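Scroll down for the structure; my scribbles are underneath it.
This is the structure we're talking about:
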């Protein structure tokens, strides 16, 4: 693996004696698209501001391309930031906005003009250079903000929820375009969002944040299919969480007694033994209905949204699981008793995250 382009080494930060970052460590590879995913207040924006040099950590180091940049001012870091608010100069044309950073560096006019045209081409806004920001749509203004950030080809581009102000359809379109642009430029993207779908669609890796720490760092498939904690399982993809006791463990498969039945779970190196308590995560789309075996449940309600049928199930202890199916209906009615199970590889043991 190549030398990381960016390293955060045990970075801490507090505001008014309230810890915001609690000793985080992160390595980012050259050309990687990594997303910091978490709810409001988890520390992701503070992390981004520390990388940009807009905040100074209380302890720890920020290392960019092998150089300690912890106390280096923002303008001397080869890092640019794209904000949700666009922050375009309203009195300047699109071209002037994009070329502003090159102008203050006193680059030749011909060089600036060429760089601006190349940036407009990359964000698919050729011919828009003479327009004012007020003449553009929200999506076009966001593209101008991105063009302004990439015009001098920074080594790392930081994006702080840049699509948050766009409507759903445009946001999905911009997700595709951003990923295309990142791969074409080869620039390292560090992206912030609280939108799990956005993170899963765009990222090479996802760092799930909670309470100023990284709960899990991995590829979208790892985070979705193999969550490490019940928090990650619930936050990324809304998994069902089930508690039980291991009856047997053989060939990396656990048989777990839970809520009046027995269900399987994959266990690769989890260290669990028969008799141990275990917490399982299983995605709603993996729950199957069976004639015998499994766990008894009762259908509570059915609802349909976004092409998926959601079936809410009540277990013996009153807790709820959710099964989902493509399509508009299934031959089940509220109040009907059923039995549910899943394939072993569709359920994984998870740690219970501390409060």
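In my numbering, the protein residues as written are 200 to 554.
C-beta: ideal position from N, C-alpha, C; glycine also.
On a predicted model such as this, the values are computed, not experimentally measured, just so you know.
Enumerated in chain order, which unbroken segments of the alpha helix (DSSP H) with a length of 4 residues or greater are wholly contained in the stretch 309-386?
Whole alpha helix (DSSP H) segments, 4+ residues: 337-349, 367-384.
Helix, strand or coil for residue 487, going by three-state DSSP, please let me know.
In the chain shown, counting from the first residue as 1, residue 487 sits at position 288. In this structure, residue 487 counts as strand in the three-state DSSP scheme.
Of the residues 291, 382, 287, which one's Cα is nearest the Cα of residue 230?
Locating residue 230 in the chain shown gives position 31, where the first residue counts as 1. Taking only the C-alpha atoms, the option nearest residue 230 is 382.
For residue 469, which option in 260, 345, 547 has the closest C-alpha, if you only look at C-alpha atoms?
For this step, residue 469 is matched to residue 270 along the chain shown. Of the listed residues, the one whose Cα sits closest to residue 469 is 547.
Rounded to whole angstroms, what's the CA-CA distance from residue 406 to residue 490? Just pull it up for me.
For the purposes of this step, residue 406 is identified with residue 207 of the chain shown, where counting begins at 1. For the purposes of this step, residue 490 is identified with residue 291 of the chain shown, where counting begins at 1. Cα to Cα, residue 406 sits roughly 40 Å from residue 490.
In or out: residue 414 buried (at least 16 other Cβ within 10 Å) or exposed?
Taking the first residue of the chain shown as position 1, residue 414 is located at position 215. Residue 414 is buried by the Cβ-count criterion.
Exposed or buried, which one is residue 437 when buried takes at least 16 other CB atoms within 10 Å?
The residue you call residue 437 lines up with position 238 of the chain shown. Per the 10 Å Cβ criterion, exposed.
Between which two residues does the alpha helix (DSSP H) carrying residue 419 extend?
Within the chain shown, residue 419 is the residue found at index 220, counting from 1. Counting along the chain, the alpha helix (DSSP H) containing residue 419 begins and ends at 419-424.
What residue range does the alpha helix (DSSP H) around residue 293 cover?
Translated into positions along the chain shown, residue 293 becomes position 94. First-last of the alpha helix (DSSP H) with residue 293: 293-303.
Assuming residue 275 and residue 245 make a contact with CB atoms under 8 Å, what is their CB distance in whole Å?
The residue labelled residue 275 in the question sits at position 76 within the chain shown. The residue labelled residue 245 in the question sits at position 46 within the chain shown. Actually they do not touch by this definition, with Cβ atoms about 21 Å apart.
To which residues of the same chain is residue 501 closer than 6 Å at the C-beta, ignoring the five residues directly before and after it?
Counting from 1 along the chain shown, the entry for residue 501 is found at position 302. Closer than 6 Å at the Cβ level, and outside the excluded window around residue 501, lie 510.
Are residue 369 and residue 342 close, meaning C-beta to C-beta below 8 Å?
Reading the chain shown from its first residue, position 170 is the one you call residue 369. Reading the chain shown from its first residue, position 143 is the one you call residue 342. Contact: no.
If you follow the alpha helix (DSSP H) that residue 482 is in, where does it begin and where does it stop?
On the chain shown, residue 482 is found 283 positions in, with the first residue counted as 1. Residue 482 -> no alpha helix (DSSP H), and no H or E assigned at all.
How far does the alpha helix (DSSP H) with residue 244 in it extend, from its first residue to its last?
Counted from its first residue, the chain shown places residue 244 at position 45. Note, residue 244: alpha helix (DSSP H), 243-251.
Using only the alpha-carbon positions, how far apart do residue 270 and residue 301 sit?
Looking up residue 270 in the chain shown gives position 71. Looking up residue 301 in the chain shown gives position 102. Distance between the alpha carbons of residue 270 and residue 301 is about 24 Å.
Alpha carbon to alpha carbon, how far is residue 226 from residue 389?
As a working mapping, residue 226 is identified with position 27 in the chain shown. As a working mapping, residue 389 is identified with position 190 in the chain shown. Going from the Cα of residue 226 to the Cα of residue 389 covers about 11 Å.
Taking the CB atoms as reference points, tell me whether residue 232 and residue 401 lie closer together than 8 Å.
Residue numbering aside, residue 232 sits at position 33 when the chain shown is read from its first letter. Residue numbering aside, residue 401 sits at position 202 when the chain shown is read from its first letter. Contact: yes.
Going by beta carbon distance, what residues of the same chain come within less than 6 Å of residue 247, once the five residues before and after it are set aside?
Taking the first residue of the chain shown as position 1, residue 247 is located at position 48. Contacts found: 357, 359, 391.
Do the CB positions of residue 516 and residue 458 come within less than 8 Å of each other?
For the purposes of this step, residue 516 is identified with residue 317 of the chain shown, where counting begins at 1. For the purposes of this step, residue 458 is identified with residue 259 of the chain shown, where counting begins at 1. It is a contact, given that the beta carbons lie within the stated cut-off.
Classify residue 243 as buried or exposed, calling it buried when 16 or more other Cβ atoms lie within 10 Å of its own Cβ.
Sequence index remark: in the chain shown, residue 243 carries index 44 (1-based). Looking at its Cβ environment, which holds 16 or more other Cβ atoms inside 10 Å, residue 243 is buried.
For residue 239, verify whether its CB is less than 7 Å away from any heavy atom of the ligand NAD.
Judged by which ligands are present, the structure shown has none, so any question about the ligand NAD falls away.
Can you tell me whether residue 463 is buried or exposed? The criterion is at least 16 other CB atoms within 10 Å of its CB, across all chains shown.
As a position in the chain shown, residue 463 is number 264, starting the count at 1. Its Cβ being crowded by 16 or more others within 10 Å, residue 463 is buried.
Should residue 308 go down as buried or exposed, given a rule of 16 or more other Cβ atoms within 10 Å for buried?
Working through the chain shown from its first residue, we reach residue 308 at position 109. The residue is exposed, with fewer than 16 neighbouring Cβ atoms inside 10 Å.
Would residue 497 and residue 536 be called neighbours here (beta carbons separated by less than 8 Å)?
For the purposes of this step, residue 497 is taken as the residue at position 298 of the chain shown. For the purposes of this step, residue 536 is taken as the residue at position 337 of the chain shown. Cβ distance < 8 Å, so residue 497 and residue 536 count as in contact.
On the three-pair Cβ rule with 8 Å, is the stretch 320-340 touching the stretch 259-267?
No: the two stretches stay apart, fewer than three of their Cβ pairs being nearer than 8 Å.
How is residue 456 classed by DSSP in three states: helix, strand or coil?
Stepping through the chain shown from its first residue, residue 456 is reached at position 257. In this structure, residue 456 counts as strand in the three-state DSSP scheme.
Of all the options 433, 219, 266, which has the alpha carbon lying nearest to the alpha carbon of residue 254?
On the chain shown, residue 254 is found 55 positions in, with the first residue counted as 1. When each option's Cα is compared against that of residue 254, the closest is 219.
Just list the residues that DSSP pairs residue 527 with in beta bridges.
Along the chain shown, one-based indexing puts residue 527 at 328. Partner(s): none; residue 527 has no beta bridge.
Is it the case that the Cβ atoms of residue 522 and residue 483 are separated by a distance below 8 Å?
Against the chain shown, residue 522 aligns to sequence position 323. Against the chain shown, residue 483 aligns to sequence position 284. A contact, by the Cβ cut-off of 8 Å.
Straight-line CA distance for residue 292 to residue 240?
Counting from 1 along the chain shown, the entry for residue 292 is found at position 93. Counting from 1 along the chain shown, the entry for residue 240 is found at position 41. Looking at the two C-alpha atoms, the distance is approximately 36 Å.
Between which two residues does the beta strand (DSSP E) harbouring residue 439 extend?
Against the chain shown, residue 439 aligns to sequence position 240. Here the beta strand (DSSP E) through residue 439 covers 439-449.
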